[in-house]
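Asker: I have a structure I would like to understand better, so I am pasting it below and will then ask my questions one at a time.
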Amino acid sequence: MIAAWSMLRGRSRHDSLCACDGFRGEHPYASVAVVAEGTGGDARSAETAVATVRDVFAEGVAFRIGEALAEAFHEAGEKIRAEELRGCSATAVAVLGRDAWIVHAGGCRAFLTGPGGVRTLTSEHTLAGEMGLSPGDPGYRQRVGDLTLQLGQKDLRPQTLSLSLADGEGVLLATGAVWRHIQTSRLFSLLSAQGGLQHGVESVLRESRVRFRRQGGAAAAIFPETQQGFLGGTNMPSLRILVPLALAAVVAGGILLAGPRCERRGGGRAEPVPSPAPDSAGAAFTVMPLMAAAVDSAMASAPRGPELPVPAIILGGGSAPAGPDTLAARVAPLPDPAYEHIPPGVYYAAGDSLLEPLADALAVRAGLDSATAVDRVIVVRESDVPSFASWLRSLPPEIDSSTAVIVETRSSVAGGAPWIRGYALYANGDRSRCQEPSCYLGEPAEGLPAQPGGGDCYRILIAPEL
468 MIAAWSMLRG RSRHDSLCAC DGFRGEHPYA SVAVVAEGTG GDARSAETAV
518 ATVRDVFAEG VAFRIGEALA EAFHEAGEKI RAEELRGCSA TAVAVLGRDA
568 WIVHAGGCRA FLTGPGGVRT LTSEHTLAGE MGLSPGDPGY RQRVGDLTLQ
618 LGQKDLRPQT LSLSLADGEG VLLATGAVWR HIQTSRLFSL LSAQGGLQHG
668 VESVLRESRV RFRRQGGAAA AIFPETQQGF LGGTNMPSLR ILVPLALAAV
718 VAGGILLAGP RCERRGGGRA EPVPSPAPDS AGAAFTVMPL MAAAVDSAMA
768 SAPRGPELPV PAIILGGGSA PAGPDTLAAR VAPLPDPAYE HIPPGVYYAA
818 GDSLLEPLAD ALAVRAGLDS ATAVDRVIVV RESDVPSFAS WLRSLPPEID
868 SSTAVIVETR SSVAGGAPWI RGYALYANGD RSRCQEPSCY LGEPAEGLPA
918 QPGGGDCYRI LIAPEL
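Structure, rendered in structure tokens:
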């Protein structure tokens, strides 16, 4: 059994939201690999998912492999809910002999890869995927980050499947930032190149250019055997060992090896994956038609994208980078550097998964790599000037450095005090709104003198290079 996994951190200030790990079992125990990807700045969900699945199999699983993998998934989901985390995408594969079992929920993917080509094994549980949208379709970027199934969701029914691996075949797992930005036809050649499977997995990450993306990515692969010279010439157990293992799996787990090689539970065969176009914010890649995923009533009523137009403000004049159907944009006058602190960028409150793709697209139009997620966006208005004048100057550095402040008042809040430069952004907005209530989006902070949410807050802050 050969198994390998690796991850690369991205360029986000949150480092990486991804995790990967596994366990290399020896006869008669199964091996496992798992990748996970958090949402909304939450890396702990992915770490919890990966550690839970790994630890279950590290105790030794020799029978009922598929059930053990599904139970590990549910155990991870319970831990995520107990810690009140945001949840994550996760995909895991367990292999014993030539038999493989996969459990999956979210935006990661599993691929069958071998000399015969590359096939997808799992569905994409995002709004974009379930609506059959492609990158060129309106609303794709706004919906690709919104999960319809995720680990940590109550009463989750993940996608499960089992298959038998032919000679030279294995399973590759990849997070969304990896598989969406690589030619899938290249996967087998990368994994089977000289240097071994670990080198191959790392090559997949490098070719996807995931380290240049917002939150990094992860990949893992398992191959039950090799042929002469395959996977860098690494030696594998001989058939006289593998055949008894496969027969033991049949007897103990009730797995029928004679059935279709890649059959899903509930019917249906995995379809070939067309190769998506490589890296580019606007590059076209194909989303395959998906099997209908079972969701509970709460998920069925979930919003299918951000409500348009999105409230936004442009700091320093200029025109909106998107039309009025997309952005309800207000324009602030040219800033005064003595009274404002406005690093160029596109800002939004972290955790808004529906909004993040739109913010990133606007950032790309502005010549930036990606948008900037802050913990909170605060809009200060006239009735709360006394409270904010004392509260803002008293925040510790770890709070103000992750906070964007828009001031829409007739009187002064800071008067050009040097502490405004500790904020991620501190700018004057549209003073004509001074009589409206103060508000904020994102995470609360102790003593914050404003009410959360509402249409009175800006969801996107655009600070062009002046």
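Residue numbers for the sequence shown follow the working numbering, beginning at 468 and rising by one.
Ideal Cβ placement from N, Cα and C applies to all residues, glycine included.
Note that the structure is predicted; figures quoted are calculated from it, not measured.
#1: For the alpha helix (DSSP H) containing GLN626, list its first residue and its last residue.
#2: With DSSP as the reference, identify every bridge partner of ASP566, one or two as the case may be.
#3: Nearest-angstrom Cα distance between VAL553 and ASP842?
#4: At the level of alpha carbons, what is the spacing between GLU903 and THR506?
#5: Check whether the Cβ atoms of ARG926 and LEU915 lie closer than 8 Å to each other.
#6: Between which two residues does the beta strand (DSSP E) holding ARG673 run?
#7: Look at the alpha carbon of ALA486 and the alpha carbon of PRO800, and state the distance between them as a whole number of angstroms.
#8: Going straight from the alpha carbon of ARG898 to that of PHE524, what length do you get?
#9: Note down, in chain order, each residue of its chain lying with its Cβ closer than 7 Å to the Cβ of PRO864, except the 5 sequence neighbours on either side.
#10: Report all residues from its chain with a CB closer than 8 Å to the CB of GLU669; omit the five preceding and five following residues, and keep chain order.
#11: When the Cα atoms are used, what is the spatial distance from SER820 to ARG565?
#12: Use the C-beta contact count for SER861: other C-beta atoms within 10 angstroms, 16 or more gives buried, fewer gives exposed.
#13: Measuring CA to CA, which of THR839, THR642, HIS541 and ALA510 is closest to VAL429?
#14: Should ALA633 be labelled buried (16 or more other beta-carbon atoms within 10 Å of its own) or exposed?
#15: Going along the chain, which residues of its own chain have a beta-carbon closer than 7 Å to the beta-carbon of LEU475, five neighbours each way excluded?
#16: How would you call ASP1013, buried or exposed, if buried means at least 16 neighbouring beta carbons within 10 angstroms?
#17: Specify whether the segment 513-531 and the segment 584-593 touch according to this definition: at least 3 beta carbon pairs, one from each stretch, less than 8 Å apart.
#18: Where does the unbroken alpha helix (DSSP H) through GLY643 begin, and where does it stop?
#19: Between the C-alpha atoms of GLY785 and GLY896, what's the straight-line distance to the nearest angstrom?
#20: In the structure shown, what three-state DSSP assignment does ARG877 receive?
#21: PRO810: buried (16+ other C-beta within 10 angstroms of its C-beta) or exposed?
#22: Confirm, please, whether the CB-CB distance from VAL520 to ALA543 is below 8 Å.
#23: Indicate the three-state DSSP secondary structure (helix, strand or coil) for ARG848 in the structure shown.
#24: Take the Cβ of ALA894 as the centre, count every other Cβ of all protein chains shown within 10 Å, and call the residue buried at 16 or more, exposed below.
#25: Quick one: residues in its chain with C-beta nearer than 6 Å to the C-beta of ARG900, no 5 flanking neighbours on either side, listed in chain order?
#26: Along the alpha helix (DSSP H) that carries ASP867, what are the first and last residues, could you check?
#27: Looking at ILE689: is its Cβ nearer than 8 Å to the Cβ of GLY619?
#28: Count the other CB atoms, across all protein chains shown, that sit within 10 Å of the CB of GLN661; report buried if there are 16 or more and exposed otherwise.
#29: Would you please state the rounded distance, in angstroms, between the beta carbons of LEU657 and ALA567? I believe it to be under 8 Å.
#30: Quick one: what does DSSP say GLY477 is sitting in, helix, strand or coil?
#31: Can you have a look at GLY920 and say buried or exposed, based on whether 16 or more other CB atoms are within 10 angstroms of its CB?
#32: Which residues mark the beginning and the end of the beta strand (DSSP E) in which ARG586 is found?
#33: Quick check: what's the CA-CA separation for ALA513 versus GLU849?
#34: Just checking my contact of PHE537 with ALA516 at CB under 8 Å: how many whole Å lie between their CB atoms?
#35: Could you tell me how far apart the beta carbons of SER905 and ALA891 are, in whole angstroms, since I believe they sit closer than 8 Å?
#36: Reducing DSSP to helix, strand and coil, say where ASP522 ends up.
Answerer: Reading from the atomic positions:
#1: From DSSP, GLN626 is part of no alpha helix (DSSP H) but of the beta strand (DSSP E) over 626-631.
#2: LEU563 and SER631
#3: Checking the displayed sequence, the identity of residue 553 turns out to be Arg instead of Val. Straight-line spacing of the CA atoms in ARG553 and ASP842 works out to 14 Å.
#4: Cα to Cα, the separation comes out at about 32 Å.
#5: Using a Cβ distance threshold of 8 Å, ARG926 and LEU915 do not count as a contacting pair.
#6: First-last for ARG673: 664-675, but that is the alpha helix (DSSP H), not the beta strand (DSSP E).
#7: 44 Å
#8: 60 Å
#9: GLY889
#10: Exclusion of the five residues before and after GLU669 leaves SER473 as the residues of its chain whose Cβ lies within less than 8 Å of its Cβ.
#11: 38 Å
#12: exposed
#13: In the structure as shown, the chain begins at 468 and stops at 933. Residue 429 is therefore absent and cannot be evaluated.
#14: exposed
#15: LEU672, VAL677, ARG678, GLY683 and GLY684
#16: For residue 1013 there is no data in the structure shown, the boundaries of the chain being 468 and 933.
#17: no
#18: 643-646
#19: 14 Å
#20: In the three-state DSSP reduction, ARG877 falls in the coil class, being neither helix nor strand.
#21: exposed
#22: For ALA543 and VAL520, yes; Cβs fall inside 8 Å.
#23: strand
#24: A buried status is given to ALA894, since no fewer than 16 other beta-carbon atoms sit within 10 Å of its beta-carbon.
#25: Closer than 6 Å at the Cβ level, and outside the excluded window around ARG900, lie GLU875.
#26: Counting along the chain, the unbroken alpha helix (DSSP H) around ASP867 starts and ends at 864-867.
#27: no
#28: exposed
#29: Not a contact, Cβ separation roughly 20 Å.
#30: coil
#31: exposed
#32: 584-587
#33: 42 Å
#34: Here residue 537 turns out to be Ala, not Phe, going by the sequence shown. Wrong, their Cβ atoms sit about 13 Å apart, outside the cutoff.
#35: For a cut-off of 8 Å, the C-beta gap from SER905 to ALA891 is around 18 Å, too long to register as a contact.
#36: helix
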